[in-house]
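In the numbering used here, the protein residues as written are 4 to 193. Using N, Cα and C, we set each Cβ at its ideal position, and we do this for glycine too.
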Ligand code: 5GP
């Protein structure tokens, strides 16, 4: 059965293309309110503070945690810390917006505890081999980092049954349209 909530959480394994799907949604579905996470990771070229992430120092992030400002937060790939700020998400839900969080599995589990009636969508790769190819093909991480991400991905794939729906990322536009439909919105005409 489909939930029609204000809050949808998109999670899935490393390199499955969550970022690409959410970027497509940001560019093509202005009616979706895409949450901007806080992170201690350094900005990549082209990333803008307040648009892609709120870039924070470790100290700033820790004080937000201590102040209870996060709906969820997690250390991702054993490296940097990422989190969703309660204030912005709650305001958007209160305004009746369709809110989308693109977060990792640990974060999705925390949201499930805090907001059980949210909708949880698992983004799956077409196959394991395709996922490895995408991860290696991206070429932005060291071999050691790629290995670490693959280990995380294996654990993350096993989490699929915890989710309300699975969307297969065989094609970014198709996957984004399916996700938007699950959010109760009408996909753009082709
Ligand atoms: P990247 O550094 O490549 O932008 O993101 C790395 C990972 O962090 C992705 O798997 C993404 O889903 C996850 N992530 C981004 N924002 C958040 C967040 O607010 N909370 C959690 N738990 N994970 C996040």
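Let me confirm a value: residue i is counted as buried when at least 16 other C-beta atoms fall within 10 Å, else exposed. Which label applies?
i           : result
residue 93  : exposed
residue 157 : exposed
residue 131 : exposed
residue 169 : exposed
residue 9   : buried
residue 5   : Low local confidence applies: a pLDDT of 47 at residue 5 is under 50, so the model's placement there is unreliable, and no value is given.
residue 111 : buried
residue 51  : exposed
residue 172 : buried
residue 105 : buried
residue 47  : exposed
residue 150 : exposed
Grouping DSSP H, G and I as helix and E and B as strand, with all else coil, what is residue i?
i           : result
residue 11  : strand
residue 60  : coil
residue 185 : helix
residue 105 : strand
residue 52  : strand
residue 92  : helix
residue 42  : strand
residue 19  : coil
Report whether the distance from the Cβ of residue i to the nearest heavy atom of ligand 1 is below 8 Å.
i           : result
residue 53  : no
residue 62  : no
residue 104 : yes
Just the Cα atoms here: how many angstroms apart are residue i and residue j?
i           : j           : result
residue 12  : residue 193 : 25 Å
residue 78  : residue 191 : 35 Å
residue 137 : residue 19  : 8 Å
residue 147 : residue 97  : 43 Å
residue 116 : residue 174 : 31 Å
residue 41  : residue 67  : 10 Å
Which full runs of the beta strand (DSSP E) of 3+ residues lie inside the stretch 62 to 87, going along the chain? Fully enclosed beta strand (DSSP E) runs of 3 or longer: 73 to 79.
Extract the residue ranges of the beta strand (DSSP E) inside the stretch 94 to 180, only unbroken runs of 3 or more that lie entirely within it. For secondary structure counted as the beta strand (DSSP E) over 3 or more consecutive residues, the stretch 94 to 180 holds these complete runs in sequence order: 101 to 105, 122 to 127 and 168 to 171.
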